[in-house]
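Undergrad: Following the numbering used here, the numbering of the sequence shown begins with 16 at its first residue and continues without gaps. Where a beta carbon is used, it is the ideal one built from N, C-alpha and C, also for glycine. Since the model is a prediction, treat every value here as computed from it, not as a measurement.
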Amino acid sequence: MNVQSKEEVLESNADRMVQLSKLFVRHDRFLDLEQRIAALARQRRAEIRDGEPRERKGLSVIGPSGAGKSKSLAKIKNQYQGPREGAPDDRVGSFVTVETPSPGTLKSTGIATLEALNFQVVGDPNASEIWRLVRHHLHMHKVTFLHFDEAQDFILNQSGRESTSVINTIKSLTQCKKWPVSVILSGNTVLADILDSDFQLGRRVPPVFFENLVPETDLSDVEHILSQYLSAAGLELQRPTDMDNFLARLIFSASCQLGLVFEFILEAIQRVFDAQRLRLGVDDFRDVYRDRTGAVNGANPFVASDYQGINTRVALEGKLTKQKGPKKAWVTS
């Protein structure tokens, strides 16, 4: 009988985790965003059938870092790839994402947009010429959605005059008579403040909020996410006596950030794989949090009785310290 060595087991587990990390679990915030984008796509197709493209509306996707915006948009983007009639290059889908440079200028973001459209800029054209090329290639590739990630870096890091030019450029993409597109801006709450201050732009990109998780309303969504990962991993959950309490602690330990909940679940499963067990328990999450933060049991949300008094955000940022002296408690600073 061929018995695997410990190193072979760990290598095999690493492969399993790579595949498991590709799993995308559809959650409530994702489903809302998916439906909003699908409605825009249907309207666009109807206008094309009618032969009269009209000014387009888009969306802004607002939420803190770690809320799951980028992964959700990447998943939706995959639904809008593939060949389209009249488009010359299948590598450019109808949903294009631009990784906004930071700090982003009108010119550098235009160049990044052309690169996302599979066009390499030659020479040193000015910003106006670059954005003329952007509009041309959006039309040529029949792009429906143009997504600017971390859009606040594109809009905010400008002087007064250039900030106005950026906003006008975004508006022009939605108003282009030959081929208007739906602009999707994703970013943090700073982006929401920017959109609030410009009525015309805000009207064109109404918000979809990826708010932090709330234990009072999101327990079932988190339980669904956990069950989907366990099913894909072939593991069972050693159910705690109070499941709702455990789920609330999981949300709280991740500082109420959906993206961190995903990460914690995957890291807990990794521990189970490496220990060659078939059941995942609360202790695995306790150890994940401990390894992440260095917190002892009294400062660990999966152990402490008064877990809501722990500042998990500060702990996850690596600012957890221990007071000097015997038997001193861990504190946040």
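Does the Cβ-Cβ distance between Val111 and His162 come in under 8 Å?
TA: Counting from 1 along the sequence shown, the entry for residue 111 is found at position 96. Counting from 1 along the sequence shown, the entry for residue 162 is found at position 147. For Val111 and His162, yes; Cβs fall inside 8 Å.
Undergrad: For Phe317, which beta-bridge partners are listed by DSSP?
TA: Within the sequence shown, residue 317 is the residue found at index 302, counting from 1. Phe317 pairs with nothing; no bridge assigned.
Undergrad: Distance check for Phe225 and Pro316, CA to CA, integer angstroms please.
TA: Residue numbering aside, residue 316 sits at position 301 when the sequence shown is read from its first letter. Residue numbering aside, residue 225 sits at position 210 when the sequence shown is read from its first letter. Near 24 Å, if we compare the C-alpha coordinates of Phe225 and Pro316.
Undergrad: Which of the three DSSP states, helix, strand or coil, is assigned to Glu251?
TA: One-based indexing of the sequence shown puts residue 251 at position 236. If DSSP states are grouped into helix, strand and coil, Glu251 belongs with the strands.
Undergrad: Whole angstroms is fine: what's the gap from Leu228's alpha carbon to Gly97's?
TA: Position 213 of the sequence shown, counting from 1, holds the residue named residue 228. Position 82 of the sequence shown, counting from 1, holds the residue named residue 97. Taking the straight line joining both Cα atoms gives about 34 Å.
Undergrad: Looking at the unbroken beta strand (DSSP E) that takes in Thr112, where does it start and where does it end?
TA: As a position in the sequence shown, residue 112 is number 97, starting the count at 1. It spans Phe110 to Glu114 - the beta strand (DSSP E) in which Thr112 sits, taken as one unbroken run.
Undergrad: Give me the Cα-Cα distance between Ala330 and Thr308, rounded to the nearest whole angstrom.
TA: Your numbering for residue 330 matches position 315 in the sequence shown. Your numbering for residue 308 matches position 293 in the sequence shown. Going by the C-alpha atoms only, they are around 6 Å apart.
Undergrad: What residue range does the alpha helix (DSSP H) around Val205 cover?
TA: Position 190 of the sequence shown, counting from 1, holds the residue named residue 205. Run containing Val205: Thr204 to Ser212, per the alpha helix (DSSP H) assignment.
Undergrad: Sort Glu70, Cys271, Leu74 and Thr128 by Cα distance to Trp194 and report the nearest one.
TA: Translated into the one-based positions of the sequence shown, residue 194 becomes position 179. Nearest option by C-alpha distance: Glu70.
Undergrad: Just the Cα atoms here: how many angstroms apart are Asp299 and Ala263?
TA: Mapped onto the sequence shown, residue 299 falls at position 284. Mapped onto the sequence shown, residue 263 falls at position 248. When rounded, the distance between both Cα atoms is 16 Å.
Undergrad: Let me know the alpha helix (DSSP H) ranges lying completely inside the stretch 41 to 84, each 4 residues or longer, listed in chain order.
TA: Listed in chain order, they are 43 to 65.
Undergrad: Are Ser180 and Leu129 closer than 8 Å when you measure CB to CB?
TA: For the purposes of this step, residue 180 is taken as residue 165 along the sequence shown, with counting starting at 1. For the purposes of this step, residue 129 is taken as residue 114 along the sequence shown, with counting starting at 1. Contact flag unset, no.
Undergrad: Do three or more CB pairs link the stretch 233 to 243 to the stretch 200 to 218 at distances below 8 Å?
TA: The answer is no - the stretch 200 to 218 does not touch the stretch 233 to 243, with fewer than three Cβ pairs under 8 Å.
Undergrad: Suppose you measure from the CA of Ile185 to the CA of Ala166; what does that come to, to the nearest Å?
TA: Residue numbering aside, residue 185 sits at position 170 when the sequence shown is read from its first letter. Residue numbering aside, residue 166 sits at position 151 when the sequence shown is read from its first letter. One C-alpha to the other measures close to 11 Å.
Undergrad: Decide yes or no for the touch test of the stretch 82 to 90 against the stretch 257 to 274: beta carbon pairs closer than 8 Å, at least 3 of them.
TA: Counting Cβ pairs under 8 Å, three or more are found: they touch.
Undergrad: Is the beta carbon of Ile91 closer than 8 Å to that of Leu74?
TA: Numbered from its first residue, the sequence shown carries residue 74 at position 59. Numbered from its first residue, the sequence shown carries residue 91 at position 76. Cβ distance not < 8 Å, so Leu74 and Ile91 don't count as in contact.
Undergrad: If you follow the beta strand (DSSP E) that Asp164 is part of, which residue opens it and which one closes it?
TA: On the sequence shown, position 149 is the one that residue 164 refers to. Start and end: Phe160 to Asp164.
Undergrad: What do you get for Thr336, buried or exposed, if any count of 16 or more other CB atoms within 10 angstroms of its CB means buried?
TA: By 1-based counting over the sequence shown, the position of residue 336 is 321. Because the pLDDT at Thr336 is just 48, under 50, the model does not fix this residue reliably, and the value given afterwards should be weighed accordingly. With fewer than 16 other Cβ atoms within 10 Å, it is exposed.
Undergrad: Between Phe267 and Val297, how many whole angstroms is the CB-CB distance? I'm expecting something under 8 Å.
TA: Within the sequence shown, the letter at position 252 stands for residue 267. Within the sequence shown, the letter at position 282 stands for residue 297. In fact, because the Cβ distance is near 13 Å, the residues do not count as touching under 8 Å.
Undergrad: I need the straight-line Cα distance from Asn155 to Lys37, nearest angstrom please.
TA: Locating residue 155 in the sequence shown gives position 140, where the first residue counts as 1. Locating residue 37 in the sequence shown gives position 22, where the first residue counts as 1. Reading off the sequence shown, one finds Met at residue 155, where the question assumed Asn. Approximately 32 Å, taken between the alpha carbons.
Undergrad: For the alpha helix (DSSP H) that Val149 lies in, which residues bound it at each end?
TA: On the sequence shown, position 134 is the one that residue 149 refers to. Looking at the DSSP string, the run of the alpha helix (DSSP H) that includes Val149 is Ala142 to Met155.
Undergrad: Per DSSP, which residues does Phe11 bridge with? Please list them.
TA: Absent from the structure is residue 11, since the part of the chain shown begins at 16 and ends at 348.
Undergrad: Mind the definition here: the stretch 238 to 253 touches the stretch 98 to 109 only if three or more C-beta pairs lie below 8 Å; say whether that holds.
TA: No contact exists between the stretch 238 to 253 and the stretch 98 to 109.
Undergrad: Determine the closest residue to Trp146 out of Arg60, Gly138 and Thr124, with distance taken between C-alpha atoms.
TA: Here residue 146 is taken as the residue at index 131 of the sequence shown, counted from 1. Comparing Cα positions, the closest option is Thr124.
Undergrad: Give me the Cα-Cα distance between Pro255 and Ser320, rounded to the nearest whole angstrom.
TA: Sequence index remark: in the sequence shown, residue 255 carries index 240 (1-based). Sequence index remark: in the sequence shown, residue 320 carries index 305 (1-based). Cα to Cα, the separation comes out at about 15 Å.
Undergrad: According to the Cβ coordinates, are Ile77 and Ala283 closer than 8 Å?
TA: Residue 77 sits at position 62 when you count from the first residue of the sequence shown. Residue 283 sits at position 268 when you count from the first residue of the sequence shown. For Ile77 and Ala283, no; Cβs fall outside 8 Å.
Undergrad: Between Asn312 and the rest of its own chain, which residues show a CB-CB distance below 6 Å, the 5 nearest in sequence each way excluded?
TA: On the sequence shown, position 297 is the one that residue 312 refers to. These residues qualify, in order along the chain: Val318.
Undergrad: Based on Cα-Cα distance, which residue from Gln34, Leu46, Ala131 and Gly81 lies nearest to Val223?
TA: Residue mapping note: residue 223 aligns to position 208 of the sequence shown, counting from 1. Considering only alpha carbons, the answer is Leu46.
Undergrad: Which word fits Ser109, buried or exposed, when buried means at least 16 other C-beta atoms lie within 10 angstroms of its C-beta?
TA: The count along the sequence shown starts at 1 and reaches residue 109 at position 94. Its Cβ being crowded by 16 or more others within 10 Å, Ser109 is buried.
Undergrad: In whole angstroms, give me the CA-to-CA distance for Pro68 and Ile209.
TA: Here residue 68 is taken as the residue at index 53 of the sequence shown, counted from 1. Here residue 209 is taken as the residue at index 194 of the sequence shown, counted from 1. Cα-Cα distance, rounded: 28 Å.
Undergrad: Looking at C-alpha atoms only, which residue of Phe169, Val149 and Arg218 is the closest neighbour of Cys191?
TA: The residue labelled residue 191 in the question sits at position 176 within the sequence shown. Considering only alpha carbons, the answer is Val149.
Undergrad: Which of helix, strand or coil does DSSP assign to Gly325?
TA: Here the question's residue 325 lines up with position 310 in the sequence shown. Correcting the residue type first, residue 325 is Ile in the shown sequence and not Gly. In this structure, Ile325 counts as coil in the three-state DSSP scheme.
Undergrad: So, Leu252 versus Leu295, is the Cβ gap smaller than 8 Å?
TA: Position 237 of the sequence shown holds residue 252. Position 280 of the sequence shown holds residue 295. Yes, Cβ-Cβ distance for Leu252 and Leu295 is below 8 Å.
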